[in-house]
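Numbering (the working numbering), first residue to last: 25 to 153. We treat Cβ as the ideally placed atom computed from N, Cα and C, and that holds for glycine. A quick note: this is a predicted structure, and the numbers were derived from the prediction, not measured. Beneath this line is the structure, given in structure tokens, with notes to follow.
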């Protein structure tokens with residue numbers, strides 16, 4: 025279970041902007057491994073884990089989008105009931121608060137990747153070993 029880079033981008037809240045972001049990354053050979061999108065304070069907000077963070081950073085800033093980069097914890101879970109609860113319980117038992125999380129599966133997957141934002145990534149990694 026590694027520490028991975030998450031890139032967050034503030035974009036316009038309008039139709040087509042998610043496609044523009046995906047196209048900008050795709051043109052630079054960057055694959056999006058996980059994505060969470062929302063609207064905050066009237067602006068589009070994307071959090072993503074990509075395979076090439078440095079290339080993604082360059083592509084996004086070249087288009088004028090404001091970005092930040094953070095470390096998050098990547099946990100591979102079996103795709104079964106209760107798996108998320110086990111991880112959350114282990115972190116909670118050590119006093120580690122999950123600030124937000126996102127996960128995705130195509131439905132046919134045997135495993136899913138969970139991305140956790142926590143205040144102390146190193147402590148979370150130790151707790152989940």
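Check                                                                                                                                                                         : Outcome
Confirm, please, whether the CB-CB distance from residue 83 to residue 115 is below 8 Å.                                                                                      : no
Which residue marks the beginning of the beta strand (DSSP E) containing residue 37, and which one marks its end?                                                             : Premise fails: residue 37 is in no beta strand (DSSP E) and is neither H nor E.
My assumption, with CB atoms under 8 Å, is that residue 25 sits in contact with residue 149. Please give the rounded CB distance.                                             : 6 Å
Can you list, in chain order, the residues of its chain with a C-beta nearer than 8 Å to that of residue 36? Leave out the 5 residues immediately preceding and following it. : 67, 68
Strictly by DSSP, which residues pair up with residue 67?                                                                                                                     : 64
Using alpha carbons as the reference points, say which of 89, 140, 153, 144 lies closest to residue 30.                                                                       : 140
Measuring straight from C-alpha to C-alpha, what distance separates residue 55 and residue 134?                                                                               : 21 Å
Indicate whether at least one CB of chain C lies closer than 8 Å to the CB of residue 121.                                                                                    : Looking at the structure shown, chain C is missing, and only one protein chain is on hand.
Report yes if the C-beta distance between residue 105 and residue 93 is below 8 Å; otherwise report no.                                                                       : no
For residue 145, does the three-state DSSP call read helix, strand or coil?                                                                                                   : helix
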